[in-house]
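Chains as they are written, first to last, in the numbering used here: chain D, 1 to 247; chain L, 1 to 247. Ideal Cβ positions, reconstructed from N, Cα and C, are used throughout, including at glycine. Data first, discussion second: the structure below is written as structure tokens.
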């Protein structure tokens with residue numbers, strides 16, 4: 001049985017203020033929770049699971065985690081869940097500590113003011129698909145520990161290092177590396193083929209890349225358009241660009 | 001002033017059952033409403049707008065539409081809106097009548113059981129970007145007139161013909177055309193380069209392409225993976241595949 005106080009505590013973690021205060025976040029669903037446990041990046045604090053789920057998964061869980069396992073009923077999970085359809089398990093993890101990201105010899109994504117949690121989560125998942133190890137977020141990007149971000153990464157959060165920083169300052173420090181700006185006009189993305197070291201900047205969903213960041217980019221690249229849509233979704237654009245680097 | 005009855009009517013259109021009964025749907029926000037008006041595909045029935053918005057846009061509206069314009073207050077728009085942040089205008093449009101789609105000489109997207117409205121809307125927007133004129137949806141795809149679909153198309157709904165049909169039967173009728181299945185294993189998508197006639201099948205978000213549809217596909221294609229994510233979002237995959245055809 002979940003106490004009232006603990007129920008309220010988990011609910012509070014739906015909000016950034018309380019996640020920041022305690023330096024923790026929640027993750028839900030079998031795949032996401034197990035992927036985060038296995039990653040070893042985030043220290044697990046608590047697992048609340050339906051009885052049958054815990055029974056089935058305890059052996060795998062115990063390889064990674066020795067802490068408390070709490071059995072919950074469906075109605076209790078519903079109360080604490082951030083999902084519209086709660087999914088068997090919710091876990092509380094400690095956030096990871098930010099490490100400095102070395103851009104040398106790598107493809108790195110830099111996100112300028114990505115505001116939609118679904119977009120950020122999807123971009124992290126895309127990065128994981130293409131083997132991108134690091135994402136640099138401007139400080140005003142949406143919080144990577146927002147439950148909607150965590151869910152839409154589908155477990156990739158444990159395999160891609162996401163760091164928040166002053167983006168212009170970070171780009172300036174890495175000005176020896178080519179910085180490509182995803183834009184509505186520029187060189188065809190097919191020219192990225194075979195590139196092995198680059199920073200790819202993706203801008204805000206409606207405003208694109210800010211002036212300050214654009215000034216620091218080496219080159220504008222674009223996804224050729226043959227139809228009439230004004231723009232592409234930011235996550236879709238990130239996926240398309242990364243898919244052309246490896247080709 | 002909106003009457004109680006009309007407020008309830010618009011709210012009822014958030015649900016498929018009532019949209020189907022009246023053969024209409026709602027669209028919101030300046031860009032989406034104006035793009036749908038300009039497309040000429042959907043006959044507009046009613047426009048509810050904030051006073052300043054109507055004043056500013058009346059000349060452009062009147063080029064396309066001679067029907068009623070109703071001034072609404074913010075709190076009224078909030079009541080009828082399907083958006084979390086209502087956006088100045090809501091319009092009621094008649095659905096378009098389905099026409100049969102000719103696949104000969106074109107690139108066509110076929111969607112097998114796409115369930116998430118955001119994904120369907122984003123795929124319609126992507127199709128519009130790449131100049132794809134038609135999307136065939138299996139009958140159990142989410143409704144293209146769901147307000148979330150309409151919003152996430154960002155106005156592209158008027159520029160891409162979306163049709164619901166028995167997908168296996170339709171594919172069988174078009175078996176003289178190459179049918180590519182987006183899959184987790186198959187030929188590299190780079191082989192699509194320069195293709196000018198094809199049907200590209202995108203499967204369900206979690207289950208992929210159904211057995212019955214897969215049987216009818218000529219070839220499996222895949223987006224090469226160098227990382228560890230299990231899958232890509234369906235809309236992202238559609239975007240990546242289409243971007244490689246034109247390259």
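So, is the C-beta of residue 130 of chain D closer than 8 Å to a C-beta in chain L? Yes, because at least one Cβ of chain L sits closer than 8 Å to the Cβ of residue 130 of chain D.
Report yes or no: do the stretch 225–238 of chain L and the stretch 139–150 of chain L share at least 3 C-beta pairs separated by less than 8 Å? The stretch 225–238 of chain L makes no contact with the stretch 139–150 of chain L: fewer than 3 CB pairs, one atom from each, lie closer than 8 Å.
If we define contact as Cβ-Cβ less than 8 Å, is residue 239 of chain L a contact residue for chain D? With 8 Å as the cut-off, residue 239 of chain L counts as an interface residue toward chain D.
Residue ranges of each alpha helix (DSSP H) run of no fewer than 4 residues wholly in the stretch 61–98 of chain D, ordered along the chain? Whole alpha helix (DSSP H) segments, 4+ residues: 74–80.
Can you tell me whether residue 106 of chain L is helix, strand or coil according to DSSP? Three-state result, residue 106 of chain L: coil.
Using a Cβ cut-off of 8 Å, which residues of the stretch 108–128 of chain D contact any Cβ in chain L, in chain order? For chain L, the residues of the stretch 108–128 of chain D that bring a beta carbon within less than 8 Å of one of its beta carbons are 118, 122, 125, 126, 127 and 128, in chain order.
Residues sharing a beta bridge with residue 138 of chain L, DSSP: Per DSSP, L:165.
Starting from residue 225 of chain L, trace the alpha helix (DSSP H) in both directions and tell me its first and last residue. Neither: residue 225 of chain L is in no alpha helix (DSSP H) and is coded neither H nor E.
Residue nearest to residue 58 of chain L in terms of C-alpha spacing, selected from L:180, L:89 and L:42: Closest by alpha carbon: L:89.
How do the stretch 164–179 of chain L and the stretch 97–115 of chain L stand: do at least 3 beta-carbon pairs fall below 8 Å, yes or no? As far as the Cβ criterion goes, the stretch 164–179 of chain L touches the stretch 97–115 of chain L, which means the pair count is three or higher.
Could you list which residues in chain D have their beta carbon closer than 7 Å to that of residue 223 of chain L, in chain order? Simply 243.
Specify the secondary structure class of residue 177 of chain L as computed by DSSP and reduced to three states. DSSP places residue 177 of chain L in coil when its eight states are reduced to three.
So, do the stretch 152–162 of chain D and the stretch 23–40 of chain D have three or more beta carbon pairs nearer to each other than 8 Å? Of all C-beta pairs linking the stretch 152–162 of chain D to the stretch 23–40 of chain D, three or more are shorter than 8 Å, placing the two stretches in contact.
Using a threshold of 8 Å, state whether the C-beta atoms of residue 41 of chain L and residue 92 of chain L are closer than that. One thing to note: residue 41 of chain L has its Cβ no nearer than 8 Å to the Cβ of residue 92 of chain L.
May I ask which residues mark the beginning and end of the alpha helix (DSSP H) holding residue 212 of chain L? Where residue 212 of chain L is concerned, the enclosing alpha helix (DSSP H) stretches over 211–214.
So, helix, strand or coil for residue 111 of chain D, using DSSP? Three-state DSSP puts residue 111 of chain D in a strand.
Helix, strand or coil at residue 194 of chain L [DSSP, three-state]: In the structure shown, residue 194 of chain L sits in coil (DSSP, three-state: anything other than H, G, I, E or B).
Of the residues D:80, D:79, D:20 and D:6, the one placed nearest residue 97 of chain D, counting alpha carbons only: When the alpha-carbon of residue 97 of chain D is set against those of D:80, D:79, D:20 and D:6, the nearest one is in D:20.
Looking at chain D, is there any beta carbon in it that lies within less than 8 Å of the beta carbon of residue 236 of chain L? True, the Cβ-Cβ gap to chain D drops below 8 Å.
Looking only at C-alpha atoms, which of D:45, D:151 and D:17 sits nearest to residue 32 of chain D? Answer by Cα proximity: D:151.
For residue 52 of chain L, count neighbouring Cβ atoms within 10 angstroms of its own Cβ and tell me buried if that reaches 16, exposed if not. The residue is exposed, with fewer than 16 neighbouring Cβ atoms inside 10 Å.
Nearest CA to the CA of residue 249 of chain L: which residue from L:43, L:60 and L:122? Lying outside 1 to 247, the shown extent of chain L, residue 249 of chain L is not represented and no answer is given.
By a C-beta neighbour count over all protein chains shown, 10 Å radius and 16 as the cutoff for buried, is residue 105 of chain L buried or exposed? The residue is exposed, with fewer than 16 neighbouring Cβ atoms inside 10 Å.
Contact with chain D by residue 138 of chain L, beta-carbon distance below 8 Å: Closer than 8 Å: no.
Could you check whether residue 78 of chain D and residue 86 of chain D sit closer than 8 Å to each other, using their CB atoms as the reference points? Remark: C-beta atoms of residue 86 of chain D and residue 78 of chain D approach each other more closely than 8 Å.
Quick check on DSSP: helix, strand or coil for residue 45 of chain L? Three-state result, residue 45 of chain L: strand.
Could you check whether the Cβ of residue 169 of chain D sits closer than 8 Å to any Cβ belonging to chain L? Not closer than 8 Å to any Cβ of chain L, the Cβ of residue 169 of chain D fails to qualify, so no.
Taking the alpha carbon of residue 82 of chain L as the point to measure from, which residue in L:61, L:29 and L:190 has its own alpha carbon closest? The shortest Cα separation from residue 82 of chain L among L:61, L:29 and L:190 belongs to L:29.
Span of the beta strand (DSSP E) around residue 130 of chain D: In the DSSP annotation of this structure, residue 130 of chain D is not part of any beta strand (DSSP E), being labelled neither H nor E.
Since residue 159 of chain D meets chain L, which of its residues come closer than 9 Å, beta carbon to beta carbon? What residue 159 of chain D touches in chain L: 227, 228 and 229.
On a CA-only basis, which of D:119, D:60, D:63 and D:171 is nearest residue 102 of chain D? Give me that one, please. Looking at the Cα atoms, D:171 is the closest of the given residues.
Across which residues does DSSP place residue 202 of chain L in a beta bridge pair? For residue 202 of chain L, which the question treats as bridged, DSSP gives the partners L:111.
Using the Cα positions of residue 67 of chain L and residue 55 of chain L, report the straight-line distance between them to the nearest angstrom. In this structure, the alpha-carbon of residue 67 of chain L lies about 15 Å from that of residue 55 of chain L.
Distance check for residue 219 of chain L and residue 214 of chain D, CA to CA, integer angstroms please. Across the structure, residue 214 of chain D and residue 219 of chain L are spaced so that their CA atoms are roughly 42 Å apart.
Could one say the Cβ of residue 144 of chain D lies closer than 8 Å to chain L's Cβ atoms, at least one of them? Taking 8 Å as the CB threshold, residue 144 of chain D stays off the interface with chain L.
Exposed unless 16 or more other CB atoms sit within 10 angstroms - verdict on residue 125 of chain D: Buried: at least 16 other Cβ atoms inside 10 Å.
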